[in-house]
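Working notes, structure below.
Protein chains: 2
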Amino acid sequence: MAEPNRKWVLKSRPQGLVDRSNFEWREEAVPTVGEGEFLVRNLYLSCDPTQRGWMEFDTYVPAIPIGEVMRSVSAGQVVESKHADFARGDLVSGAFGWQDYAVSKGDGLVPPMRIPPGVDLATALSLFGITGLTAYFGLLDIGAPTPGETVVVSGAAGSTGSFAAQIAKIKGARVIGIAGGAKKCAWLTDELGLDATIDYREKNVGARLAELCAKGVDVYFDNVGGEILDAVLAHLADGARIALCGAISGYNDVAHMPGIRNYVNLIVHRATMRGFLLFDFAARIPEAIAELAGWAAAGQLKNQVDIVNGLENAPDALRRLFTGENLGKQLVKIADPE
Amino acid sequence: MAEPNRKWVLKSRPQGLVDRSNFEWREEAVPTVGEGEFLVRNLYLSCDPTQRGWMEFDTYVPAIPIGEVMRSVSAGQVVESKHADFARGDLVSGAFGWQDYAVSKGDGLVPPMRIPPGVDLATALSLFGITGLTAYFGLLDIGAPTPGETVVVSGAAGSTGSFAAQIAKIKGARVIGIAGGAKKCAWLTDELGLDATIDYREKNVGARLAELCAKGVDVYFDNVGGEILDAVLAHLADGARIALCGAISGYNDVAHMPGIRNYVNLIVHRATMRGFLLFDFAARIPEAIAELAGWAAAGQLKNQVDIVNGLENAPDALRRLFTGENLGKQLVKIADPE
Numbered sequence: 003m004a005e006p007n008r009k010w011v012l013k014s015r016p017q018g019l020v021d022r023s024n025f026e027w028r029e030e031a032v033p034t035v036g037e038g039e040f041l042v043r044n045l046y047l048s049c050d051p052t053q054r055g056w057m058e059f060d061t062y063v064p065a066i067p068i069g070e071v072m073r074s075v076s077a078g079q080v081v082e083s084k085h086a087d088f089a090r091g092d093l094v095s096g097a098f099g100w101q102d103y104a105v106s107k108g109d110g111l112v113p114p115m116r117i118p119p120g121v122d123l124a125t126a127l128s129l130f131g132i133t134g135l136t137a138y139f140g141l142l143d144i145g146a147p148t149p150g151e152t153v154v155v156s157g158a159a160g161s162t163g164s165f166a167a168q169i170a171k172i173k174g175a176r177v178i179g180i181a182g183g184a185k186k187c188a189w190l191t192d193e194l195g196l197d198a199t200i201d202y203r204e205k206n207v208g209a210r211l212a213e214l215c216a217k218g219v220d221v222y223f224d225n226v227g228g229e230i231l232d233a234v235l236a237h238l239a240d241g242a243r244i245a246l247c248g249a250i251s252g253y254n255d256v257a258h259m260p261g262i263r264n265y266v267n268l269i270v271h272r273a274t275m276r277g278f279l280l281f282d283f284a285a286r287i288p289e290a291i292a293e294l295a296g297w298a299a300a301g302q303l304k305n306q307v308d309i310v311n312g313l314e315n316a317p318d319a320l321r322r323l324f325t326g327e328n329l330g331k332q333l334v335k336i337a338d339p340e
Numbered sequence: 003m004a005e006p007n008r009k010w011v012l013k014s015r016p017q018g019l020v021d022r023s024n025f026e027w028r029e030e031a032v033p034t035v036g037e038g039e040f041l042v043r044n045l046y047l048s049c050d051p052t053q054r055g056w057m058e059f060d061t062y063v064p065a066i067p068i069g070e071v072m073r074s075v076s077a078g079q080v081v082e083s084k085h086a087d088f089a090r091g092d093l094v095s096g097a098f099g100w101q102d103y104a105v106s107k108g109d110g111l112v113p114p115m116r117i118p119p120g121v122d123l124a125t126a127l128s129l130f131g132i133t134g135l136t137a138y139f140g141l142l143d144i145g146a147p148t149p150g151e152t153v154v155v156s157g158a159a160g161s162t163g164s165f166a167a168q169i170a171k172i173k174g175a176r177v178i179g180i181a182g183g184a185k186k187c188a189w190l191t192d193e194l195g196l197d198a199t200i201d202y203r204e205k206n207v208g209a210r211l212a213e214l215c216a217k218g219v220d221v222y223f224d225n226v227g228g229e230i231l232d233a234v235l236a237h238l239a240d241g242a243r244i245a246l247c248g249a250i251s252g253y254n255d256v257a258h259m260p261g262i263r264n265y266v267n268l269i270v271h272r273a274t275m276r277g278f279l280l281f282d283f284a285a286r287i288p289e290a291i292a293e294l295a296g297w298a299a300a301g302q303l304k305n306q307v308d309i310v311n312g313l314e315n316a317p318d319a320l321r322r323l324f325t326g327e328n329l330g331k332q333l334v335k336i337a338d339p340e
């Protein structure tokens, strides 16, 4: 381990769009491994919208302290172990941060925890990781679409949204994806088989919803919040279910987050809006991975990943989520497994 | 029936606070009763915030047409019948409107439909009517508080709110009522036994919630929407349930209804916000009336009514809901039963 442990630490809390200047590059010694610990070599970083929140304020977890390594989910390989349950060569996923190496006691693992045999790391961090599992539970447990119902998914060309939309199709729903730009919209219909799309950059979301959902929206899987959520609230079917997964539209400027005004329609249409986090479904993750794997093997579930190379480019990769540049799961590749 | 059928018809759609000028007084002939119909003499009118919406726009029911009798729930007595199921003298509740007499085929009845024997009409229109039943199902089915949980009720000195707050106390919750003015707040603690109150006119709802609900709000029964809903959203406990019953704060100016910004906390706290209407619980109304009656008989549930006399004063009585003048259920008394 003569090489350094390269890392990005949080230098300042972002105002507006996350920026390279919010981070500081450091090169430190690779940490030593104590009894009951293992050393993991990070290979892929997962870029997730929720990281923007972690950088600025306390949410369901405390904010990242200034001067600490940038918090991130990643997939890596155990390169040294003094832990009974982990051996050199094991592939794991955890909150190991934006750095080459991390020491773990095995308690910071996140789904899928241990990379399933034969699964490549990009798939592990997307289809079987937070995005695939979040889509699975949010769509099925909260949205619970039945055949023929109309499902709308925002952020549909993002990783979670693309899985939610495809799972809704598998369940027999009519699925409308909201995404930014003609290219993403074409991908949603041509590649993923969605029934229709709305390009929010055309600024006619309400009118398009009225056109496409004359009988109202039965299920809305929301990744964006803000104006688009408000537009969908104006087009609910009776008994609609809204799964609140994220609100990326507001993450860059929470102080000026636009309010939603049409929530009164939740009463008129006896509708439910429920927020959720994957962690509450932990016990059911193995069953979810099995079902997702089956759909993928059957060609019913496509997994799009968008890979930026190099730890040094992690800040730019994260930023892509907020500028809408990514198609599918945004990852940073650091290295291949041994 | 030499006397006329006095009635208020809708003259104009209100802008802002509902006003006497939105109605026109008419005196017409009492309608004749056809086969399969009965004639009801209205005795008490129920004043409900939802009437404000009916006056202006389509909601879960179409807007009241201009020139038609003002739509209202009322309790009345059958004075003539050519309907097999209704006899002269029967006491019923229905959407009979702001008028002395209405003809019905028996299809416009609303809970409790037939006044339970021995129950006075004011109690029938409050405890066993829309407000008591709405509180019952919203609090128990959507809020579902468990002993020791913290329940917040807005519009707590209104009829629905006062029932919801008391039912939460019966279920062993710690209950905080939000109301306007020291008098109402004192009534909530001294007469109804609530644990604490917040006087929203002091404009410190957020600070008081932080003080009183350090561990967060488990259940919120919302009658008002707007800023108070947004303040509660900022103080949720994990797994919180919000029962959206009404949004009276915005009914007078829907176009400028303030948005709620803290909905993202629904994700952070894995909380649920659900709108409901009593009509969806119709099949369970008899069981609810039985349980409400039991609590009232045991002295656990007090029923406050606020009565304005005279059909001619109906517009002013309705207005009281929006100026906060009423304490408990606002009714208009027209006449006593035969």
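Line by line, the protein sequences give chains Z and E. Our numbering puts the first residue of the first sequence at 3, with every later residue one more than the last. Our numbering puts the first residue of the second sequence at 3, with every later residue one more than the last. Where a beta carbon is used, it is the ideal one built from N, C-alpha and C, also for glycine. Only a predicted model underlies this, so the values are computations on that prediction, with no experimental measurement involved.
Proximity to residue i [Cα-Cα], best of the options
{"i": "A65/E", "options": "R15/E, V42/E and E26/E", "result": "R15/E"}
{"i": "E58/Z", "options": "E82/Z, E39/Z, N24/Z and P118/Z", "result": "N24/Z"}
{"i": "K107/Z", "options": "D87/Z, G248/Z, T325/Z and F130/Z", "result": "D87/Z"}
{"i": "L111/Z", "options": "G96/Z, P118/Z and R243/Z", "result": "G96/Z"}
{"i": "A236/E", "options": "F283/Z, A285/Z and D60/Z", "result": "D60/Z"}
{"i": "A319/Z", "options": "S74/Z, E70/Z, N7/Z and N225/Z", "result": "S74/Z"}
{"i": "A290/Z", "options": "P114/Z, T34/Z, E82/Z and G208/Z", "result": "P114/Z"}
{"i": "E187/Z", "options": "E204/Z, A175/Z and K173/Z", "result": "Note on residue identity: the sequence assigns Cys, not Glu, to residue 187/Z. Minimum Cα distance to C187/Z is reached at E204/Z."}
{"i": "F283/Z", "options": "A167/Z, I144/Z and V71/Z", "result": "I144/Z"}
{"i": "Q79/Z", "options": "I68/Z, L47/Z, G91/Z and I172/Z", "result": "G91/Z"}
{"i": "S1/E", "options": "A209/E, Q53/E, K84/E and L45/E", "result": "The first residue shown for chain E is 3 and the last is 340, placing residue 1/E beyond what the model contains."}
Where residue i falls: helix, strand or coil (DSSP)
{"i": "R223/Z", "result": "First, the residue type needs correcting, since residue 223/Z is Phe and not Arg in the sequence shown. Strand at F223/Z."}
{"i": "E26/Z", "result": "strand"}
{"i": "I68/E", "result": "coil"}
{"i": "Y103/E", "result": "strand"}
{"i": "S76/E", "result": "strand"}
{"i": "L323/E", "result": "helix"}
{"i": "E37/Z", "result": "coil"}
{"i": "Y62/Z", "result": "coil"}
{"i": "M259/E", "result": "coil"}
{"i": "R43/Z", "result": "strand"}
{"i": "S164/Z", "result": "helix"}
{"i": "E204/Z", "result": "helix"}
{"i": "D318/Z", "result": "helix"}
Distance, residue j Cα to residue i Cα
{"i": "A31/Z", "j": "A126/Z", "result": "29 angstroms"}
{"i": "P149/Z", "j": "D220/Z", "result": "11 angstroms"}
{"i": "G134/Z", "j": "I169/Z", "result": "10 angstroms"}
{"i": "V234/Z", "j": "V266/Z", "result": "12 angstroms"}
{"i": "D338/Z", "j": "Y222/Z", "result": "38 angstroms"}
{"i": "L294/Z", "j": "L303/Z", "result": "8 angstroms"}
{"i": "G182/Z", "j": "Q101/Z", "result": "32 angstroms"}
{"i": "G160/Z", "j": "G301/Z", "result": "19 angstroms"}
{"i": "N264/Z", "j": "R286/E", "result": "29 angstroms"}
{"i": "C215/Z", "j": "T152/Z", "result": "7 angstroms"}
{"i": "A257/E", "j": "E229/Z", "result": "16 angstroms"}
{"i": "W56/Z", "j": "G296/Z", "result": "33 angstroms"}
{"i": "D109/E", "j": "L268/Z", "result": "27 angstroms"}
{"i": "H271/E", "j": "L129/Z", "result": "25 angstroms"}
{"i": "Q306/Z", "j": "N328/Z", "result": "10 angstroms"}
{"i": "T274/Z", "j": "Y62/E", "result": "16 angstroms"}
{"i": "G157/Z", "j": "S164/Z", "result": "8 angstroms"}
{"i": "A239/E", "j": "E39/E", "result": "52 angstroms"}
{"i": "G252/E", "j": "P33/Z", "result": "58 angstroms"}
{"i": "V105/E", "j": "F324/E", "result": "30 angstroms"}
Assumed close pair residue i, residue j - CB separation to whole angstroms, cut-off 8 angstroms
{"i": "R28/E", "j": "Y103/E", "result": "That belief does not hold up - the Cβ atoms of R28/E and Y103/E are roughly 13 angstroms apart, past 8 angstroms."}
{"i": "I117/E", "j": "V154/E", "result": "33 angstroms between Cβ atoms; not a contact."}
{"i": "L123/E", "j": "I336/E", "result": "Actually they do not touch by this definition, with Cβ atoms about 10 angstroms apart."}
{"i": "E26/Z", "j": "K13/Z", "result": "4 angstroms"}
{"i": "I262/E", "j": "P51/E", "result": "In fact, because the Cβ distance is near 18 angstroms, the residues do not count as touching under 8 angstroms."}
{"i": "D308/E", "j": "G330/E", "result": "5 angstroms"}
{"i": "I178/Z", "j": "T199/Z", "result": "7 angstroms"}
Those residues which DSSP pairs with residue i across a bridge
{"i": "T152/Z", "result": "R176/Z"}
{"i": "Q332/Z", "result": "D308/Z"}
{"i": "A245/E", "result": "F223/E and R276/E"}
{"i": "N7/Z", "result": "E30/Z"}
Proximity test, residue i beta-carbon vs the ligand SAM heavy atom, cut-off 7 angstroms
{"i": "R286/E", "result": "With respect to the ligand SAM, the structure offers nothing, as it holds no ligand at all."}
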